Amino acid sequence: MKLWVVEDYQAMSRRAADVLAREIKRKPDSVLGLATGGTPVGMYQELVRMHREEGLDFSRVTSFNLDEYVGLPAAHPQSYRTYMEENLFAKVNIDPRMTHIPRGDAPDLEAECARYEREIARAGGIDIQVLGIGRNGHIGFNEPGSTAATATRVVQLTRDTVEANARYFDSPDEVPTQAISMGIRTILAAKRILLLASGSSKAEAVQRMLEGELTPELPASFLRQHADVTVVMDRQAASRLPAATIAGTAAD
Ligand code: F6R
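Right under this line is the structure:
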């Protein structure tokens, strides 16, 4: 794994956007795996800036998001589809037909999961997958207990995740408790992985991901099985790593 420890959230966002921009320039028809949540918002802002000011071209890019809440139609204000429209898709020249997010309101959820896997395969697989990390070490919505063999499926969100997501909803009972998520196997099949972590609430998960046991109890630990993972984290997220590990990483 390649580790970058940078000063703060802004530096993390710029570095992450830079990695994606290089990928898009190298391969204009890149297939991007995208994440939602609080962490990548700054990265999307930077990508939008690069599009507007530097002409970063998304016209041939395809995207697949990691997950979507079960039960929310695409147009729901808290759906991940809405998040992606607001943070990126509506602000760059990506072709809407090339953007993929599981349909959380599909009548047959199992069929929707199978369809999603097929679409990823049909696009030639994911070139670079962006990930955040949950406080409990989840990636996508692969909660503790998820094995490395999992594909896209309906998952039950843990109480911790539901609580962490509650900040976006008016009341805690509105927070969905299930999601469709790419599996660990789906994520590990991406050619490259870029994981972002910011803030002290992620420090323990980051430490266990890098130094703990390889276990379904900390799904992010499986990323150590992948040959091309870059972790960009700010100082707070890196605060539980030994000084020697931090000193050995690329500084900002
Ligand atoms: C988002 C996702 C989740 C988040 C994780 C961290 O698509 O799949 O794994 O990346 O829950 O969320 P934030 O960034 O809000 O701390």
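Taking my numbering, the leading residue of the sequence shown gets 4, the next gets one more, and so forth.
The beta carbon of each residue, even a glycine, is placed where N, CA and C say it ideally should be.
From a predicted model like this one, the values you see are computed outputs, not experimental measurements.
- Following the DSSP letters along the chain, one finds glycine 36 inside the beta strand (DSSP E) bounded by residues 34-37.
- Between the segment 45-52 and the segment 215-230, the count of Cβ pairs shorter than 8 Å is below three; the stretches do not touch.
- If you look at aspartate 70, you'll find it in the beta strand (DSSP E) that goes 70-72.
- Apart from the 5 residues on each side of it in sequence, alanine 152 sits with its Cβ closer than 8 Å to the Cβ of Gly186, Ile187 and Arg188 in its chain, given in chain order.
- For serine 184, the enclosing beta strand (DSSP E) stretches over residues 181-184.
- Looking at Leu91, Leu112 and Ser16, the one whose alpha-carbon comes closest to that of valine 73 is Leu112.
- Rounded to the nearest whole angstrom, the CA to CA distance from valine 44 to aspartate 173 is 20 Å.
- Secondary structure at methionine 236: strand, using DSSP grouped into helix, strand and coil.
- Within the DSSP secondary-structure output, valine 64 pairs in no beta bridge.
- For lysine 5, the three-state secondary structure derived from DSSP is strand.
- Rounded to the nearest whole angstrom, the CA to CA distance from alanine 19 to threonine 161 is 28 Å.
- Per DSSP, leucine 59 lies in no alpha helix (DSSP H) segment and is marked neither H nor E.
- At a cut-off of 4 residues, the continuous stretches assigned as alpha helix (DSSP H) that sit fully inside the segment 125-168 are 162-168.
- Taking leucine 91 as reference, the option from Ala38, Asp163 and Leu217 with the minimal CA-CA separation is Ala38.
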